[in-house]
Structures are given as C-alpha cells and as structure tokens.
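Take the sequence shown: its position 142, counted from the start at 1, is 256 in this note's numbering, and no numbers get skipped. The next block holds one structure in the form of structure tokens; read it before the comments.
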Amino acid sequence: MILGLSLGHRTVREAEHWLAAHVVPLDLPDLVACTHLVAAPYPHVALSVAVPAATDRLAGLPSTPPELRAAAERAAAEHGERRAGRAVRYPGVDRLVGTRTVGEVLADSAIERVVVLGGATAGPELPLDTRDFVRPQWRDGELVLVAVPHHAGGVAPFEVADPTPCCADH
C-alpha cells in the first residue's frame, strides 16, 4: 500500500520533520517514506508512505488539499513504480551509523546498490562513512545510494544533513 501526501511543505527539512512527528510514531512495519520535489501548483515537497499491507494506522493522517492532489498522486505513482523519490525512512536506516562497509549497508538495510558519483558501483569492501545521514533514491527499480569519495578513504553519501546554502558567504 502506497499513500501519496502533499501538504505544502516548502523544504525537504520541513517535510522530513513532519514525517518524523506524524508517520514514524505510527510504528509501521517495513515503512518506506520518501520525499518528492514537485513544481506544481507551486514548488513544494510531496511525500509517499509505503507499507506492505493496508493498515488503519494511516487513517489519522491529514488529507491532501484538493489543489495538491495531483502532486500527491504523482509521488505515490513514482514510489510505486520505484522510479523516483528520496527515502527518508526505510528498513535498516537506524543501523546506518558510523563507518560501515558497502556490503554491510546492503545487507543491513533496504538499500540495493551504492554508486559513486559518476556511475561506478561501489564494491562491498569499500568503507562508507554514513555521517549518520543516509538518503537513497529510487532509480530504475532499485533503492540506490549515491556516494562521493571521502577525504579519509572510502566513500560517503553525496547528500549531507546540513548543506551550506548556495552563496552563503556572499
């Protein structure tokens, strides 16, 4: 079961906080919750929430306003087709702390592949410094983590928890 929600969150951080406050406490088994950047009817972040079976625990979540229903439907469709969406909550995310090998990340979480920016698949023995912030994305039917070379060797997730805003020092 996949539920699409579009509540007008203006930022990814705002959407993630909403998920943490309203969806994570529902303690849904095998939850996969994603953010989706949408442009219409205005730029905002939609959400998709997937669980393996129908549950009444999602019934208390707010309804998507009529003007945002298309965005919610798109988020649910992208997640269902496993072609887009940035996973915030997924099986194993809580175990992805510190430095792990790529093989451990694949074995201990729902992530199916780790690729180094540019496209090469990371080998299972390569160290991955999780920075305690791991946000894979649906790509071509797989949950894929994009990584970059890390200054201490190995790789780290491309996305960081607190990015420096563009032009922050200007």
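Ideal placement from N, C-alpha and C gives every residue a C-beta, glycine not left out.
| Item | Value |
| --- | --- |
| Does DSSP put L121 in a helix, a strand or coil? | strand |
| How about the segment 233-241 and the segment 208-219: do they share at least three Cβ pairs that are nearer than 8 angstroms? | yes |
| For the alpha helix (DSSP H) holding T189, just list the boundary residues, first then last. | It is Ala, not Thr, that sits at residue 189 in the sequence shown. 183-194 is the span of the alpha helix (DSSP H), which, as asked, contains A189. |
| Is A173 helix, strand or coil when you go by DSSP? | helix |
| Tell me the rounded alpha-carbon separation between H284 and C148. | Unreliable placement is indicated for H284, whose pLDDT of 48 sits below 50; no coordinate value is reported for it. |
| Per DSSP, which residues does D141 bridge with? Please list them. | D141 pairs with nothing; no bridge assigned. |
| Verify the contact flag: R253, CB atom, against every heavy atom of the ligand GDP, threshold strictly below 7 angstroms. | The ligand GDP is absent from the structure shown, which contains no ligand whatsoever. |
| Can you tell which of V228, A190, L119, H150 has its C-alpha closest to the C-alpha of G268? | V228 |
| Skipping 5 residues on each side, what residues in its chain have a beta carbon closer than 8 angstroms to that of E130? | T149, V202 |
| Quick check on DSSP: helix, strand or coil for L133? | helix |
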